[in-house]
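Notes for the one structure printed next.
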C-alpha cells in the first residue's frame with residue numbers, strides 16, 4: 002500500500018480523507034497515516050481516529066510518503082505546496098473519487114483532488130493542485146490552471162480558460178468561451194458571461210467585479 006498523509010485539519014481535509022477511503026473501497030491502496038498541520042496545538046490530536054502527526058518537518062526523510070493537500074483556500078494551499086517543494090518533497094497524491102466521471106483526453110495534474118459526482122468531459126487540461134469539489138461539471142476544451150479551487154455544483158462550460166489560483170464559489174456558472182484571470186474570486190451563484198480580469202472579486206448574474214486586489218496579493 003502507498004503511505005499517504007493529508008496536509009490540513011479543517012473541513013476539506015476531512016473530505017479529502019473520505020475521498021481516499023472511498024478510493025480504497027473501490028480497490029485502491031492508500032494507507033492513510035494521518036494529518037499534518039502547521040499549528041502546534043493540533044499536533045497529537047485525533048481526527049476521525051487518525052493522528053495529527055506534526056507539521057511539515059514530519060516529512061523529513063520520508064520521501065516515500067505522498068501528500069494530499071486538503072486545504073480549500075487557494076493562497077494557503079499554494080504556500081504549503083511551495084514550502085514542501087522548497088524542502089524537496091514533491092510526492093503529491095492525485096485523488097479522483099470513484100464516482101467522479103473523467104472522459105477521454107483529459108489531463109489531471111499532480112496533487113489534484115476530484116470529488117464525487119463531478120463530470121469532466123473531453124480535451125480538458127486540469128493543472129496541479131486543483132480542487133474540483135462535489136457535483137461540478139467541466140466542458141470540452143477547457144483549461145484550469147494550478148491551485149484553483151472549484152466549490153460544489155459549479156458548472157464550467159466548454160472552451161473556458163481559468164487562471165492560476167482562482168476560487169470559484171458554490172453554484173457558479175461560467176458561459177462558454179470566456180476567460181477568468183489568475184487569482185480571481187467568484188462569488189457563490191455568480192454567472193460569468195464575459196471575461197473577468199485577474200485579481201478581482203466578482204459576484205452576481207451577470208458577474209461584475211466589485212473588488213480589485215494588487216498583483217501578488219496571494220503571496
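Numbering (our numbering), first residue to last: 2 to 220.
Ideal Cβ positions, reconstructed from N, Cα and C, are used throughout, including at glycine.
Small disclaimer: the values here were computed from a predicted structure and weren't measured.
In this model, residue 33 and residue 65 are separated by some 13 Å (Cα to Cα).
Note that the C-beta distance between residue 67 and residue 30 is not below 8 Å. Annotated three-state conformation of residue 23 is helix, per DSSP. DSSP places residue 69 in the uninterrupted beta strand (DSSP E) bounded by 67-70.
Collapsing the DSSP output to three states places residue 218 in coil. Pairing residue 127 with residue 167, the inter-Cα distance amounts to about 13 Å. As a beta-bridge residue in DSSP terms, residue 212 pairs with 202. The straight-line gap separating the alpha-carbon atoms of residue 47 and residue 53 is approximately 6 Å. Shown here for residue 189: same chain residues with a beta carbon closer than 6 Å to its own, the five before and five after excluded, namely 170, 171, 172 in chain order.
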